[in-house]
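Student:
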Amino acid sequence: MMLPTIVLLCLSGPAFAGAVTRQARSYEQEVLEVVEPKRYAIPVQSADGVIHTINITLGTPPQHFNVSLSFDMPGFFVKTADIDDDPYYLPVHRYNSSLSKTYQFNGTSASDWYWGISYYGLVVEDTVGVGDLTIRNVTFNAYNTSRIHYPLAWEVGFDGGLGLSPPWHGDDTCYYRRYPSFLEHLTSSGALDDNVFSLKLPRSLGDEGELMLGGPNPDLYNGDIHRVPALHECQVDNQDVWKFDIEAVTFNSSVPVQADLSNYTAVIISEPMLVLPSDFVSIIREGIGAEPINVVWDSIPCDRRPYLPELTFTIGGRNFTIDAYDYTFEYPVGFGYAPICLLWVIEDDEMGGEGMQVMLGTPFLKGLYTTFDMDNEEIGFAELKR
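Letter by letter, the sequence shown follows residues -17 to -1, 1 to 369 of mature numbering (1 follows the signal peptide of the UniProt record, and there is no 0).
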């Protein structure tokens, strides 16, 4: 990490007599310049507890969008204005290339998968604004068609998606990309001193989180950041993800129960769910008194959260603990009603795939401060300031 550079200048010299006289100066030190690391803070919101969004701009002059963050997808997509309104789709902001002076035609076909929906369109290039950071000639998918694959597919509360999966497989060795990802553009642009992004997610519907590009925000965590290697392994769907070794997870009830995960790897995902060993999932549900409300979600009374057991994850020899405000999420049910508190835990054998893998979504991320180092290929965890 680049520390602020302080330039010190020592000046001295005797007084001169004659036509030009100068005041004698004693030795002194003057701080001439302080160069701060290039870091950009972007607020993160969640209107429904399910997705987490930031505001961005596209084009010149800027067109404004609210995009959902994805940690296990490289794609970047928004809806194009070059199609007629469809009464079956929710209204979203649309990208109009004809209004942008910095738009560049690409024309390559694009498809992205997010939350059970495929988005099909064409690759375009334009200027992207994220907080105070502006990057030119970023490629993204201006989609004109979408297809829902699952009944529980989610398309509410966002204009598009911004993928933040690892950028080091841009050569198509892992994920078949038809265009470079946002993080590939960011890391190659030289806009940041450190190619790191850091994350604090909002813990409740009224809370605000932060995505910081360029490094961590020391005001948001306690102690040091515990870093572990990010594993270079592709998923079954040929999608690169943030993956790391994990050792154990413990349910801290009156008689603690621990699941040995020493032969597992952990994957960070975007959904508000935890995928854990089957027996351990049953212990969690029973231990907190969760009641099913549909085929995937359970609920608990929100006022029970302060009294429920914590979950502790052992990663790289360090323990990180989250509580019931983290591993459950608040979900709005309508105007005039208080939110309900939901739990989404899934048995690992229900997910198929390669096995011996747990998935840690936003319930895990809410309880920690997390850093993603794209140069050193590391993931960092720290205790979150409450």
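Think of the CB as a built atom: it goes at the ideal place given N, C-alpha and C, for glycine as much as any other residue.
#1: Could you give the first and the last residue of the continuous alpha helix (DSSP H) run that contains D31?
#2: Below 8 Å, how does it come out for the region 186 to 199 and the region 257 to 267: are there three or more Cβ pairs, yes or no?
#3: Count the C-beta pairs between the region 306 to 321 and the region 237 to 247 that are closer than 8 Å, then say yes if the count reaches three, no if not.
#4: Distance check for E330 and F141, CA to CA, integer angstroms please.
#5: Just to confirm my understanding: we take F355, look at its own chain, exclude 5 residues before and 5 after, and list those with CB closer than 7 Å. What are they?
#6: Tell me the residue span of the beta strand (DSSP E) that contains I362.
#7: Is it buried or exposed for Q340, if we count other Cβ within 10 angstroms and need 16 for buried?
#8: Kindly indicate which residue of V121, M342, G58 and V75 has the alpha-carbon position closest to the one of S101.
#9: Can you tell me which of the three DSSP states L41 falls into?
#10: Which of the three DSSP states, helix, strand or coil, is assigned to L348?
#11: In the structure shown, what three-state DSSP assignment does G146 receive?
#12: Throw me the rounded Cβ distance for the I298 and F227 pair, which I believe falls under 8 Å.
#13: Is any heavy atom in the ligand ZN found nearer than 6 Å to the beta carbon of D309?
#14: On a CA-only basis, which of S253, N120 and T91 is nearest L145? Give me that one, please.
#15: At the 7 Å Cβ level, is L351 part of the contact set with chain B, yes or no?
#16: Rounded to whole angstroms, what is the Cα-Cα separation between D31 and R119?
#17: How many angstroms separate the CA atom of W151 from the CA atom of M357?
#18: Going residue by residue through the region 250 to 313, where are the continuous beta strand (DSSP E) segments of at least 3 residues, counting only ones entirely within it?
#19: Determine, using beta carbons only, whether E193 and A365 come nearer to each other than 7 Å.
#20: Grouping DSSP H, G and I as helix and E and B as strand, with all else coil, what is P201?
#21: What do you get for H215, buried or exposed, if any count of 16 or more other CB atoms within 10 angstroms of its CB means buried?
#22: Under a three-way DSSP split, which group does E167 fall into?
#23: Specify, as a first and last residue, the run of the beta strand (DSSP E) that I100 falls within.
#24: From the DSSP secondary-structure annotation, give me the bridge partner or partners of H47.
#25: Taking only three categories from DSSP, how would you classify S181?
#26: Give me whichever residues DSSP pairs with I323 in a beta bridge.
Tutor: In brief:
#1: In the sequence shown, the residue the question calls residue 31 occupies position 48. Segment: none, D31 is in no alpha helix (DSSP H) and carries neither H nor E.
#2: Three or more beta-carbon pairs separated by less than 8 Å are not found between the region 186 to 199 and the region 257 to 267, which leaves the two stretches without contact.
#3: no
#4: As a working mapping, residue 141 is identified with position 158 in the sequence shown. As a working mapping, residue 330 is identified with position 347 in the sequence shown. Roughly 29 Å between the two C-alpha positions.
#5: Here the question's residue 355 lines up with position 372 in the sequence shown. Cβ neighbours of F355 beyond the five flanking positions: V179, F180, W225 and I362.
#6: Taking the first residue of the sequence shown as position 1, residue 362 is located at position 379. E361 to L367 is the extent of the beta strand (DSSP E) around I362.
#7: Here residue 340 corresponds to residue number 357 of the sequence shown, with the count starting at 1. With a threshold of 16 other beta carbon atoms within 10 Å, Q340 meets it and is buried.
#8: Taking the first residue of the sequence shown as position 1, residue 101 is located at position 118. Measuring from the Cα of S101, the nearest candidate turns out to be G58.
#9: Stepping through the sequence shown from its first residue, residue 41 is reached at position 58. In the structure shown, L41 adopts extended strand secondary structure according to DSSP, grouped into three states.
#10: Counting from 1 along the sequence shown, the entry for residue 348 is found at position 365. Looking at L348 - three-state DSSP - the assignment turns out to be helix.
#11: What you label residue 146 is simply residue 163 of the sequence shown in a count that begins at 1. Residue state, collapsed to three classes: strand.
#12: Residue numbering aside, residue 298 sits at position 315 when the sequence shown is read from its first letter. Residue numbering aside, residue 227 sits at position 244 when the sequence shown is read from its first letter. Contact check for I298 and F227: beta-carbon distance about 7 Å, within the 8 Å limit, so the pair qualifies.
#13: For the ligand ZN, the structure offers nothing, since it holds no ligand at all.
#14: Your numbering for residue 145 matches position 162 in the sequence shown. Here the closest residue by C-alpha is S253.
#15: No chain B is present in this structure, which holds just one protein chain.
#16: As a first step, residue 31 is located in the sequence shown; it is residue number 48 there, counting from the start. As a first step, residue 119 is located in the sequence shown; it is residue number 136 there, counting from the start. Approximately 32 Å, taken between the alpha carbons.
#17: The count along the sequence shown starts at 1 and reaches residue 151 at position 168. The count along the sequence shown starts at 1 and reaches residue 357 at position 374. In this structure, the straight-line span from the alpha carbon of W151 to that of M357 is close to 8 Å.
#18: 257 to 259, 281 to 283, 294 to 298 and 301 to 305
#19: As a first step, residue 193 must be located in the sequence shown, where it is residue number 210. As a first step, residue 365 must be located in the sequence shown, where it is residue number 382. Against a cut-off of 7 Å, the Cβ pair of A365 and E193 comes out as no contact.
#20: Counting from 1 along the sequence shown, the entry for residue 201 is found at position 218. Helix, per DSSP.
#21: Translated into positions along the sequence shown, residue 215 becomes position 232. When all chains shown are included, H215 counts as exposed.
#22: Taking the first residue of the sequence shown as position 1, residue 167 is located at position 184. Three-state DSSP puts E167 in a helix.
#23: For the purposes of this step, residue 100 is taken as residue 117 along the sequence shown, with counting starting at 1. Taken as a continuous stretch (DSSP letters only), the beta strand (DSSP E) holding I100 covers I100 to V113.
#24: Numbered from its first residue, the sequence shown carries residue 47 at position 64. The partner list for H47 (beta bridge, DSSP) reads T40.
#25: Residue mapping note: residue 181 aligns to position 198 of the sequence shown, counting from 1. Here DSSP, grouped into helix, strand and coil, assigns S181 to strand.
#26: For the purposes of this step, residue 323 is taken as residue 340 along the sequence shown, with counting starting at 1. I323 pairs with Y314.
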